[in-house]
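Notes to accompany the following structure.
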Amino acid sequence: MAYNKDNFLKGSLDDFIHYEERSKTLPKTEENQPLPYYEREDYLAAGKLKDKVAIITGGNSGIGRAAAIAFVLEGAKVVIAYHSDTKGAEETQARLEELGGDVMVSKGNIGDAAYCEELVKKTIDRFGKLDIVVNNASMQKPEKSLLDITDESLEKTFQTNIFGMMRLARAALKHLKPGSAIINTTSSTAYEGNDQLIDYSSTKGAIVSFTRSLSMNLAKEGIRVNGVAPGPIWTPLITETFPDESVKTFGKNTPMDRPGQPAELAAAFVFLACNDSSYMTGQVLHLNGGVIING
14 MAYNKDNFLK
24 GSLDDFIHYE
34 ERSKTLPKTE
44 ENQPLPYYER
54 EDYLAAGKLK
64 DKVAIITGGN
74 SGIGRAAAIA
84 FVLEGAKVVI
94 AYHSDTKGAE
104 ETQARLEELG
114 GDVMVSKGNI
124 GDAAYCEELV
134 KKTIDRFGKL
144 DIVVNNASMQ
154 KPEKSLLDIT
164 DESLEKTFQT
174 NIFGMMRLAR
184 AALKHLKPGS
194 AIINTTSSTA
204 YEGNDQLIDY
214 SSTKGAIVSF
224 TRSLSMNLAK
234 EGIRVNGVAP
244 GPIWTPLITE
254 TFPDESVKTF
264 GKNTPMDRPG
274 QPAELAAAFV
284 FLACNDSSYM
294 TGQVLHLNGG
304 VIING
């Protein structure tokens, strides 16, 4: 099957099913990096998030961008929070507006408590309410040994991956109401571990515990808190942080024998954000290529 860039970018169902058949090598950008899917043409929106307002951190690329696209297709107004990739944020905003979305973009450090408060305030000022918080922003820095992880790197990873998540949820709680949803992105590394991502995996484990504990705390208020645990997913973070040797075999250790794409996770975020998951809280959805997770 010939590689068709236009179809690949659209993310057709045929492309997903025949991932390896289409090409023996991973499709690449002009910079020779793997090319991710952010949306798929077979997605059928049904207005599940009509008039809802959502904050999505790390929404400028990868999983966050895919979730934002699906949210807009479902009728949500979306606030994209990002830290450094301005070009990615601009591209995401342009695509969301092209799809008819009402979008606001905010740049800042999610690990900073003041920024979290500011982000929520800007959202309320712009849209008048807040219904959904998607805590997706994350960072990782592979190291071969615990001895190689500096205090600076350790603190930055925890500030971004878990402290920022808790601070944003805290800032948002003043505005959330019954029917609202908080969705936290954890990782398969929280359950399996990763010898190259000791600090990152630790933060992802903390996110699982945070999700469960906060869900119990907010259940009586009618606010649901759930998580998504991606396995190996093609995002810019992978090619930016892993060596070429690891990138070449990325995702090959799953039963599906391939990495996932951001667009393949988007519907999970929609499910957890909308009323379809009204009897679900404190749970984590595992989208990991078929790896069995127990516990």
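Whatever position you read off the sequence shown (first residue = 1), add 13 for our numbering.
Backbone N, C-alpha and C define an ideal beta-carbon position, used for all residues, glycine too.
- Taking C-beta separations shorter than 7 Å and ignoring five residues to either side along the sequence, the partners of residue 272 in its chain run 245, 246, 247, 263 and 264, following chain order.
- Per DSSP, residue 61 lies in no beta strand (DSSP E) segment and is marked neither H nor E.
- Residue 301 is classed as buried because its beta carbon has at least 16 other beta carbons within 10 Å across all chains shown.
- Here DSSP, grouped into helix, strand and coil, assigns residue 269 to coil.
- By the C-beta criterion, the segment 273 to 290 is judged not to be in contact with the segment 212 to 227, since fewer than 3 inter-stretch pairs fall below 8 Å.
- The three-state secondary structure of residue 116, taken from DSSP, is strand.
- Beta-bridge pairing by DSSP links residue 237 to 194.
- In the DSSP assignment, residue 278 falls outside any beta strand (DSSP E) and carries neither an H nor an E.
- Shown here, residue 94 sits in a strand according to DSSP, grouped into three states.
- Residues of the same chain with a CB within less than 7 Å of the CB of residue 202, apart from the 5 flanking positions on each side, are 210, 213, 214 and 217 in chain order.
- Beta-bridge annotation (DSSP): residue 67 is paired with 91 and 145.
- Relative to residue 175, the option among 126, 60, 97 and 140 whose CA is nearest is 126.
- Per DSSP, the unbroken alpha helix (DSSP H) holding residue 85 starts and ends at 75 to 86.
- DSSP links residue 297 through a beta bridge to 240.
- Around the beta carbon of residue 138, a 10 Å sphere encloses fewer than 16 other beta carbons of the protein chains shown; the residue is thus reported as exposed.
- Between residue 268 and residue 304 a beta carbon distance of about 7 Å is seen, short of the 8 Å cut, so the two are scored as contacting.
- In the structure shown, the three-state DSSP call for residue 246 is strand.
- Segment contact: the segment 69 to 85 against the segment 134 to 149, three or more CB-CB distances shorter than 8 Å; contact assigned.
- Here residue 217 carries a helix assignment [DSSP, helix/strand/coil].
- For residue 53, no alpha helix (DSSP H) segment is defined, and its DSSP state is neither H nor E.
- In summary, residue 235 is exposed, with fewer than 16 beta-carbon neighbours lying within 10 Å of its beta-carbon over all protein chains present.
- A straight line joining the alpha-carbon of residue 129 with that of residue 219 spans about 19 Å.
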